[in-house]
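A.B. asks:
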Amino acid sequence: MKAETHSTEKSGGLRKDTSLFTKRVWKQFFFSSFILYPLSFVRLHVVISTTVFCILCFMGTGLVASAAPMPEIQRGYLTVAVKDNLRPLGFKDASGNLQGLEIDLAKHLAVDLLGKAEAVKLQPVSNRDRLSVVLDHKVDLAIARVTATESRERLVSLSVPYYLDSTVLITQDTSVQQPSDLAKRKIAVLNNSSTIAKLRNFLPTAELAGVNSYAEARERIESHTAAAFAADASVLTGWVQEYPQYRLLPNKLSTEPLSVVMPKGLQYDEFRRKVNEAIARYIAEGWLQERIKYWGLM
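Position one of the sequence shown corresponds to residue 1319 (this note's numbering), numbered consecutively onward.
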């Protein structure tokens, strides 16, 4: 028995309408999540779940029909690009095994899509190759601390966010208790990073000291040539876990949604839908929040 199909003209029109609808919903989602409800993961899960529910209800009218299983299901496993040097998102433990929040997410998606956590091949990836490995079909997904941006959305599909990263300050100076204590102090920041603009807006009177790496930033703090370092909370959380003499200041300078990178194309509609459904459910059920807390993330 053949799967029910739509005429090309009707299907094309429906897909076009759905694309426009999805874009409108995404705009509302980002406005709601990152302007009206900044810094709140609990509120975020409500917005995400509602957004995905609306999209899927609209698409559940026969828009996407597939007579054959997804290639990933036929193959029997997922290939996922991950970080292996970014504690606590993705890193190797003392035994050389990959672990972290993003590793947990990759395995949980494998359970949902293929029935078992072992049905996933994890492929370490550099920052510069996080999008290209998906574009070149070398992996099915990338879960590698990819911030959702409009420019990236033009190249690949991005899932609903699984974590709200942020820009924060780290220090070991006991006299620094809040960002305002750094108003006249020197703050290390990675050269050419977006954090520079955020700092200039948040602490316009602070002196910024450019560094080329996290190691150089730590050297600056250790030598007292910088009072603090500003960077991504997900990375600096791992820093604190490794070097407990450091601490994060509680204030967040900005928030950035991290998303799963997925391929574009109508042939991947079902795959993307299943990934988004799964992540929305992980948030609604509290699984993601529990893992975020487990890994010590803010």
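Backbone N, C-alpha and C fix where the C-beta goes; we use that ideal spot for every residue, glycine too.
Using 8 Å as the cut-off, can you tell me whether the segment 1507-1521 makes contact with the segment 1570-1578, which would need three or more C-beta pairs spanning the two stretches below that distance?
C.D. replies: In short, these stretches touch, since the Cβ pair count reaches three.
A.B. asks: Do you know offhand how far Val1529's Cα is from Gln1417's?
C.D. replies: Taking the straight line joining both Cα atoms gives about 28 Å.
A.B. asks: In angstroms with no decimal places, state the Cα-to-Cα distance between Val1579 and Leu1508.
C.D. replies: Near 25 Å, if we compare the C-alpha coordinates of Leu1508 and Val1579.
A.B. asks: With distances taken Cα to Cα, identify the nearest neighbour of Leu1473 among Leu1482, Asp1491 and Val1451.
C.D. replies: Ranking Leu1482, Asp1491 and Val1451 by Cα distance to Leu1473 puts Val1451 first.
A.B. asks: Given a cut-off of 8 Å on the beta-carbon distance, is the pair Glu1420 and Gly1433 in contact?
C.D. replies: No, Cβ-Cβ distance for Glu1420 and Gly1433 is not below 8 Å.
A.B. asks: Under three-state DSSP, which class holds Glu1603?
C.D. replies: Three-state DSSP puts Glu1603 in coil, outside helix and strand.
A.B. asks: From the DSSP secondary-structure annotation, give me the bridge partner or partners of Ser1484.
C.D. replies: In the DSSP output, where bridge partners are listed per residue, Ser1484 has Thr1573.
A.B. asks: Buried or exposed for Tyr1561, going by 16 or more other Cβ atoms inside 10 Å?
C.D. replies: Exposed: under 16 other Cβ atoms inside 10 Å.
A.B. asks: For the segment 1413-1474, list the alpha helix (DSSP H) runs that are entirely contained and at least 4 residues long, ordered along the chain.
C.D. replies: Entirely contained in the segment 1413-1474, the alpha helix (DSSP H) runs reaching 4 residues are, in chain order, 1419-1432, 1450-1453 and 1468-1471.
A.B. asks: On the DSSP bridge assignment, give the partners of Ala1527 in chain order.
C.D. replies: Bridge partners of Ala1527: Ala1506.
A.B. asks: Please classify Ser1500: does DSSP put it in a helix, a strand, or coil?
C.D. replies: Position check: residue 1500 holds Leu in this sequence, whereas Ser was assumed. The answer is helix: DSSP assigns Leu1500 an H, G or I state.
A.B. asks: Between Gly1583 and Leu1459, what straight-line distance do the alpha-carbon atoms span, to the nearest angstrom?
C.D. replies: For Gly1583 and Leu1459, the distance between alpha carbons rounds to 14 Å.
A.B. asks: Within 10 angstroms of its Cβ, does Lys1425 collect 16 or more other Cβ (buried), or is it exposed?
C.D. replies: The residue in question, Lys1425, is buried, as its Cβ has 16 or more Cβ neighbours within 10 Å.
A.B. asks: Relative to the alpha-carbon of Val1478, which residue among Leu1606, Gly1614 and Met1616 has its alpha-carbon at the smallest distance?
C.D. replies: Considering only alpha carbons, the answer is Leu1606.
A.B. asks: What residues in its chain sit with their C-beta under 8 Å from that of Ala1551, if we drop five residues either side in the sequence?
C.D. replies: Asp1483, Ser1484, Thr1485, Val1486, Leu1566, Lys1570, Leu1615 and Met1616, listed in sequence order.
A.B. asks: The beta strand (DSSP E) spanning Lys1516 covers which residue range?
C.D. replies: Per DSSP, Lys1516 belongs to no beta strand (DSSP E); it is in the alpha helix (DSSP H), Thr1513 to Phe1520.
A.B. asks: What's the gap between the Cα of Ala1524 and the Cα of Ile1539?
C.D. replies: If you take the alpha carbons of Ala1524 and Ile1539, they lie about 15 Å apart.
A.B. asks: Expressed to the nearest angstrom, what Euclidean distance is found between the alpha-carbon atoms of Glu1537 and Ala1428?
C.D. replies: Taking the straight line joining both Cα atoms gives about 40 Å.
A.B. asks: Between which residues of its own chain and Trp1613 is the CB-CB distance below 7 Å, once the five residues before and five after are set aside?
C.D. replies: Pro1406, Gly1418 and Leu1419.
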